[in-house]
Every structure is written in C-alpha cells, then in structure tokens.
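Q: First, the structure itself, so that you have it in front of you.
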Amino acid sequence: MMKRSRLIFLLGLAGILIGSYFGMQKFVLERSSSAATTLQAIELPDVHKNLRKGKEWLGKVVVVNHWASWCAPCREEIPMLIDYQQQMQAKGVQIVGIAHDSLEATRIFGDEIGITYPSLWVIAGRTELLASHGNRLGALPFTVIFDRNGKLAGTKLGIISAQELNALVNPLL
Amino acid sequence: MNRIRLLLTVLLLQAAGASGVISSSTVGLPPAEQAFRFSRIGGETLAVVSSEQPIIPVQSSAIDMGNFSTVDDLRWLLETGFQQQDFLDVDQAFKLRIQAIQKNKIMAVFEIADGYYLYRDKITFSNDGENRINRVALPAGTVKEDEYFGEVTVFNSDFSFPVELSVPYDGPDDGPDDDLNNLIIHANYQGCAEDGICYAPVNKSFDITGLTVIPVAQASHQTTSGQTTSRLNAEIFKDQAAAIEAAESTSRGGDQYTDQYTDMEVSFVARLPLLLGALFAGILLTFTPCVLPMIPILSSIIAGQGNNLTKTKGGILATTYVLGTVVTYAGMGALAGATGDQLQAYFQNIWAIGVLSALFFIMALSMFGLFEIRIPEFIQSKVQAKTRSMSGSIPLVFLLGLGSALVLGACISPVLISFLGIAVTTGDPLLGAQLMMVMAVGMGLPLIALGFGAGHFIPRAGKWMVKIKQGFGVMLIAVAIYLLGILPQVPVLLLWGSFFIILSIFLGATQKIPAQEIHERASNWQRIEKGLGIILLVWGIFLIAGGLFGQRDILRPLPLNLLYSISGTARFAEQSTSQSTNHQFTRVSNNDELDQQLVRARAQNKLVLIDYYADWCVDCIRMEKTTFANPQVKAVLDEKFITVQIDVTDPQDIDNRALKQRFDVFGPPATLFIDRDGTPLKQMNFYGYMESDEFLSLITEL
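As given, the protein sequences belong to chains X and Z, one line each in that order. Here the first sequence is numbered in this note's numbering, starting from 460 and rising by one per residue. Here the second sequence is numbered in this note's numbering, starting from 9 and rising by one per residue.
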C-alpha cells in the first residue's frame, strides 16, 4: 500500500509540475502575443484604402507616429518626421503615420501637411492599439519605435524631437 | 462555491478599485461614458450620485507580462512608465458632473486639472432622437494662441454652465416621470495638456428621465456606449469597413484563410498542455483528504439506496452526475474569464497583482491545514437530505451534479479559487470554461470508474492524501511568488530563494536519513526526497545571492560578471580601481553627500548626472573607459554638469540600498539626470551601456 501511494504521490507531483510549467509558459506566451506589441500586429487601411500590414516593413527600423487632426502638437512634429524620413530612408528607417481620424480627415490633413510616408488611419480599436503599444491614456502624439525584427524598442508620449528620435533609432540601425 | 467565486471577483474588483481602475470608460476613452444617477427627494430637491473616477496609476499596460527578466524590458517598462506618469488620465484631467436644476435645465460642471485645458468649440451636447437641447450657455473662456489652430478659446480652470432642455407638453403634470422620458444626453468635449499631448474627443452620456435620472447599469452602459459610437461614427465605420474589404478582396491570395487556420491550430496546441495540467490537477484533487472518502458516499447517493443496479446503469448515472458538475464548473470558468477580460488591462497594477498573489498565498495556507473553507453544517445536511430523494433517475442526477458542484467543492475550494484566478488572469471566457471543464472531468473520473464497478483501481484513503493536498499548497505558493515577480518592485529571487530553502528543509535536506526501518524502499524514497531537497537548498541559496545583486532570472540568478570579479582573474575590477583615481566623477556614498552635490549643482545652475556604478559591473567599466573618456563628452560634462558617481558595489550596504531606492534604481549601470531646478529628468534616464555619439547627443540636448 505504502509503495503504491508513494508512487501516485510522486507521479502526481511530477504531473502538476509539468502541467504548471507548460501552463505558465503558455500563460506568458499568450500575454505577450495578446498584447500585440509587435510591428506585425499592425494591420490598418491607408489613405488609398489599401490594407497595409506591419510585416511589409520588417527588416527596417520602423517609427510609428500616432497623430490626429484634432491634436495640435501632433501637427507640430510631423514636418520633422517628413524630413527625418527623407534623411534616414537610405539607412533603413521607415516612418509610418497612423491617424486617429476618419479617412477624409486623414487625407485632407495629410495632404495639407505634406505627409510622404505611408499614412494609415484607425477609428475602431484605436484605444486598444494605443494600449498595446503601452499608451493607456489614449492621448496623442505618441511615437513607437520597432526594431528590424518588428519588436517594440521604445515609445514617446508627447512631441518627439529629432534628437530623441535619433537616440532611440540609432542603436537599432 | 458560488459565493466564493463572487468573493474572488469582489476582491479583484476591490483591488482594482483601490487603485482606481473601475470604470470601462477609462479603458475605452472615446466615447467614455459615465453613469449618473439622479433621484427625486421630495419636491424639487435633487440628489446626484456620480461615479467618480479615481486616479489611474499609469503603468505600461499588459505588455509582455511576466517576462521582465532582461534589463531592456525593465528599461522599457520604466521609460514608458515614467513618461506616462507625468500625465493624467483623461477623466482625471477633465471631470464632468451633471446636476439637474429644474426639469428643463441641467447644470454641467467641469473640473479642469492644473495644466490642462478644454477647447471651447469642442464642447457640444446632443441627445438621442428629436433634438431637445435648446441652449448651451458656455462661458467666455480664455483666448490661447495656438501655432496651428490660430486663436482658440479654451477653459483651463473649473467652470460650469446651464444647458436648457425643451420639454414637450404632454398633458397636466401629474407625475415626476412624464416630462423627459428616457432622455439620453451626450456630452462631447476634447482637450489637451499644456505639456504637449492631446486627448481624444470624449463622449459621455447621461440618462435623464424627468427629474429622475434612471440608473444606468455598468453592463448596459457599455452597450449604450457602443451604440452611441456606432451611430456617431457610422459613416466613418462604413468607410473603414469598405476600405478593409476592398483591400482584402485585392489581396485575396488565400493566405488570409491559411493564416486564420494556423492561428486556431496553434492556439489549440498551445492550450493543450495547460488543459492537460488542469485534467491532472482534477484527478489529483480527488485524492485529497476530504474528497476521496466522499466518493463511495456520493456514489451511493447517486445510485440510490437498495436499488439493484447494473454496472452500466451505475456508470451512466455517475457520468450524468459528473456532466452536471462539469457544466457548473465550466460556467464558473467562463464567468471568471469574462471578468478577467475587463480587468486584464490592469493586471500590471501593483494592487491587483498584490491582492491576487495574497489570495493564492492564503489559499496555500488552507492547503497546509491552517484553516478550512467549508459550507455551514446545516446547509450541508439539508442538501444531503434533499439529494437522497433525487437519486436513481438520470435527469435528477444531472441536476444534482449541477447543484452539488457548488456545495461539495467547498473543501477543495482553495484550488478551485486558484484555478478561477488563472481563468481571470487569462481574460478569456473560452479558456476559462475549458480549464474548469477539464478539471471537473478529471475530478469526476474516479467517480465514473466507481460507477462502472472499477472501484478497485481507486487507492484507499490514507495519510498520503495529506501530502497531495500539501503539494497543491506548494504549487499555490509558487504561483503567488510568480505573480509577485511580475512587479519590478519585488525582489523576486529573494522570495524564490526563501521558498526553495524552506521547501528543501521540509523535504529533509538538512536531516539525517533515519536508519533503515522495516522497508528498504521507504528509505530509498527518503533518499530521493532528500536529494531533491538538497538541490532546492543549493538553488535557493544561489537565488538569494542573485536576488541581492538585483537579478531577476530564476534560471540565471548570478550575474556573469560577478563571477569574474570573484575569481580573481578580475581584469575589469583592476581597471576600475586604477581608473577611479583619475575620473571626473564625484563619488558619493550616502544620501547626505548626494544632497550636498545636488545643492551645489543648483547653486551653480548646472545639471546633475548620476551614475550608478559597481566594481563588478562590466558595462559600467566599459562606459567609463569609452563613453566617459571621450574628450567631447568630457567637455560637455564639465561645462554643463555636476557628475556624481554612486558606488553600489556592496549591495548589502544600507546607504547603497537607500541610494538605489531614492531613484528606484535596481542596479548598475544606471544613468540618471536631474534638471537645473532639481527635478529628475526621468524620461532621459537610461539603463545599460550607451555609446559616445548617442550619449553626446543626449547630453548636448539637455
């Protein structure tokens, strides 16, 4: 009797250990994937009504700039981003704008400011998108940097300066 | 059980509430809705109860939870945390209360936090159906020069104004409710912080009926919010949907479907181990002291007494009963998962994790027999009496299973609660249901076996069952520590180390194996136990050592460079000592000395750079040899900064610990900046090594 019960106990303990190990791994895995912090998780329409997927920019250092027409500071920093894109394109930097606006507003303001990089827009799920990038206030402007593998590498809430952008982007180049 | 589940939910909600994480409106900013409740007291007196929103401590949300083992992760968490801590949640920045004054007039009261402002022209009121908003008497506001919008009128301090409503005449006024029936009023507003961020437009709804405002339940309130949004943004949604559809139809190479398919497949395969774990736990639960003795009794209740029962009939009855329990448990799991979905965003929160972890710990104590959760005796006996009459018939036995899952689960409830806790944290109703379902099946298997007459497979009750219960207790404590480890503030390795060491002592690591008694085998088991114990003991000691060095990885507790410096081949350590004589930093060893330097910096109107340094920190030394040795960097540092170095080589030192705590630094290398006026420039802080160029651009900018 003693023998069998010990065996059951040990097997059971091993079972729990193995189960919880995998369980926890899965738990952690699901957390990280559901948080959608990767570039690949971005799938949004652009101003030409084409669905753009984050994975198309894999291999580049991607700077995602969340902005909106109703956000004055956003519009203040965009000209810098346009310049930055032109300067850094050759080095493998890609700027992607995500407007938290309607298609029309995105198009009108994008043209007015002269955005040359891909301009996506989001309405439904905008809060979740921001939260997944670590911004729980839902406030703008908000800039997110992904490394060449699409992993989130840095964020900045509020106007970003060229220096700050350099400090975040350069180590990833 | 149900009550306990509720308790769990309440506990979690309280945890969330304590730190200000209640309302859905804080999660989904536009349109954020707030339920207001008006009630009529006497003639024209009105009481207003608003669901005030407490401060949201902003930490980075549910990102890569549980895996902050690397400095990079930590650094990122710190950065985002620091950045966002400086700004208020939108509902803290702009608080709106509505008060009813007369039956055709409401008062809107805005509280604006310091340093925030609302755009005057973005404040609008609307209602569902025919327009009832007569006049919104906004005050003048202040004029603000905006580089992009030109002259704009804003409100940067508290203000209030009346909103006049038109009341349709519907006969003599004979009751409180016939004036404004179900009038839903939406308030829209949008604003920014002076420090350069803007919040999305906010939409809040108030349900006004006459002078009474109908209570808006949290759940229905969410759907209203959804409806409102969709109505307001119907056009935009249509746009977006069409765009996505167009894009999909052009790129329809079939890969979308394959993606989806593999997604599902992967998720099932990934779930399998977790579910198997749950099944195993379920089976094991049967062998705990209060369940196993119940099984024959339960089995006789199900089968009915004195019946001449075939094995098949008995088996079917047992299966039916188990299916009943499965349904109840699955329901509980789904509920827990659904609750978790709403709370998920806050699981980064220190209070939520703290309470959850404490819950696991308390439940573990119960498994060690410190206390028992049980249904009061009188209920138990009543239930038993009732159930006797239900035995023998399949539908009734199913109902019995449904109901008794709630009652009989009581003594294993610590484990059940913990499983529900996991379901809550996964935030997935389906996974929650699956987990609980599989566990219930596991628990039911022995019963089914008995029903089919396979009773001899089931081991007899004995003292060993206590060990299984204790095993559960150990697992629960492990889960509690794991959860705490998610918080960067917790020195998790110290906890793991203590846990392992205590566990090892229970396993007999420090005891002599007693002389052979009757069975040789028994002693062999003891040897295995002792062996395991010793492994845990050694591991535990390493963990504690690593924990003291601020490490967080349970598999790699000791920092590699520590080994270098211990082993005497410490090239790095030597360099640092020769270096430390001629570097330009002022070394401080306690808070008072640091304060002196801070005062000196303010007097000279200089910035402060604080470098956390340790002899065993390779990156620190590298930085000293390269970045800080760079002549350009030196020039800028000399000109603009007071540079302070804090030597935290000895983590035991009280002063060192205080110095680390002061700026929430976990360990070197950490570089912190303090502004000329003495405020920490948190967003500039960084951990780890930084190259000269990058560092130069950083310090020149300051």
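Positions of the beta carbon are idealized from the N, C-alpha and C atoms, including for glycine.
Counting contacts by CB-CB distance shorter than 7 Å, is L588(X) in contact with chain Z?
A: So, not an interface residue.
Q: Going by other Cβ atoms of all chains shown within 10 Å of its Cβ, with 16 needed for buried, is A201(Z) buried or exposed?
A: So A201(Z) counts as buried.
Q: In whole angstroms, what is the alpha-carbon distance linking G290(Z) and G452(Z)?
A: If I take the Cα positions, the gap works out to 8 Å.
Q: Which residues in chain X sit within 8 Å of V98(Z), going by Cβ to Cβ distance?
A: By Cβ distance, chain X contributes L596, G597, A598.
Q: In the DSSP output, what is V596(Z) paired with across the bridge?
A: Beta-bridge pairing links V596(Z) to I654(Z).
Q: Quick check: is the beta carbon of I537(X) nearer than 7 Å to any beta carbon in chain Z?
A: Judged by the 7 Å Cβ criterion, I537(X) is not in contact with chain Z.
Q: Against chain X, with Cβ distances strictly below 7 Å, would M692(Z) count as a contact?
A: No - not a single Cβ of chain X is within 7 Å of the one on M692(Z).
Q: For L563(Z), count neighbouring C-beta atoms within 10 Å of its own C-beta (all shown protein chains included) and say buried if the count is 16 or more, exposed if not.
A: L563(Z) is exposed by the Cβ-count criterion.
Q: With a cut-off of 8 Å on the beta carbons, I'd call L596(X) and W580(X) a contact; round off their distance for me.
A: Actually they do not touch by this definition, with Cβ atoms about 20 Å apart.
Q: Would you mind working out which of T296(Z), M375(Z), G409(Z) sits nearest I324(Z), comparing C-alpha positions?
A: I324(Z) has its Cα closest to that of G409(Z), out of T296(Z), M375(Z), G409(Z).
Q: Which bits of chain X does N95(Z) rub up against, with CB to CB less than 9 Å?
A: The sequence as given places Phe at residue 95(Z); Asn does not occur at that position. Those are L596, A598, L616, G617, listed as they occur along chain X.
Q: Spatial neighbours of R566(X) within its chain, please: CB distance less than 7 Å, with the 5 preceding and 5 following residues excluded, ordered by chain position.
A: The residues are V506.
Q: Can you tell me the Cβ-Cβ gap for Y127(Z) and V162(Z), rounded? I've got them flagged as a contact below 8 Å.
A: Contact flag correct, Cβ pair sits at about 6 Å.
Q: Quick one: is K103(Z) near chain X, going by C-beta distance under 7 Å?
A: No, its Cβ sits nowhere closer than 7 Å to a Cβ of chain X.
Q: In the stretch 618-629 of chain X, which residues sit with their C-beta less than 9 Å from some C-beta in chain Z, listed in chain order?
A: Listed in sequence order: I618, S620, Q622, E623, N625, A626, N629.
Q: Whole angstroms is fine: what's the gap from T336(Z)'s alpha carbon to I425(Z)'s?
A: Roughly 14 Å separates the two Cα atoms.
Q: Given a cut-off of 7 Å on the beta-carbon distance, is the pair L704(Z) and Q612(Z) in contact?
A: Against a cut-off of 7 Å, the Cβ pair of Q612(Z) and L704(Z) comes out as no contact.
Q: Please report the distance separating the alpha-carbon of L282(Z) from that of I475(X).
A: L282(Z) and I475(X): Cα-Cα distance of roughly 10 Å.
Q: Is DSSP giving K103(Z) helix, strand or coil here?
A: It is a strand residue.
Q: Examine chain Z for any beta-carbon lying closer than 7 Å to the beta-carbon of L579(X), and answer yes or no.
A: No, L579(X) does not count as interfacial toward chain Z.
Q: Give the straight-line distance between the Cα atoms of L484(Z) and L589(X), rounded to the nearest whole angstrom.
A: One C-alpha to the other measures close to 34 Å.
Q: Closer than 6 Å by C-beta to E119(Z): which residues in its own chain qualify, once you throw out the five before and the five after it? Chain order, please.
A: The answer, listed in chain order, is K103, D166.
Q: For L472(X), which residues in chain Z fall below 7 Å Cβ to Cβ?
A: Result: G479.
Q: Three-state secondary structure (DSSP) at T565(X)?
A: It is helical.
Q: Looking only at C-alpha atoms, which of K648(Z), S700(Z), R143(Z), R665(Z) sits nearest to E632(Z)?
A: Of the listed residues, the one whose Cα sits closest to E632(Z) is S700(Z).
Q: Of all the options V498(Z), V487(Z), V482(Z), which has the alpha carbon lying nearest to the alpha carbon of L511(Z)?
A: Among V498(Z), V487(Z), V482(Z), the Cα nearest to that of L511(Z) belongs to V482(Z).
Q: In the DSSP output, which residue or residues are listed as bridge partners for S578(X)?
A: The partner list for S578(X) (beta bridge, DSSP) reads G556(X).
Q: Please list the partners that D203(Z) has in chain X, where partner means a Cβ-to-Cβ separation under 7 Å.
A: Under the 7 Å cutoff, chain X gives G617.
Q: Taking the beta carbon of T518(Z) as the centre, do at least 16 other beta carbons fall within 10 Å, making it buried, or is it exposed?
A: Classification for T518(Z): exposed.
Q: Could you have a look at A116(Z) and say whether DSSP puts it in helix, strand or coil?
A: Here A116(Z) sits in strand by DSSP.
Q: In chain order, what residues of the same chain lie with their CB nearer than 6 Å to the CB of F601(X), ignoring the 5 residues before and after it?
A: Taken in chain order, the residues that qualify are H525, N594, L616.
Q: In whole angstroms, give me the CA-to-CA distance for N664(Z) and D655(Z).
A: Taking the straight line joining both Cα atoms gives about 8 Å.
Q: Give the single residue among E709(Z), Q100(Z), T679(Z), E702(Z) whose Cα lies nearest to the Cα of Y695(Z).
A: Closest option to Y695(Z), Cα to Cα, is T679(Z).
Q: Check whether the Cβ atoms of L191(Z) and N139(Z) lie closer than 7 Å to each other.
A: No. Outside cutoff.
Q: Roughly how many whole angstroms lie between the Cα atoms of E536(X) and R511(X)?
A: C-alpha separation (whole angstroms): 23 Å.
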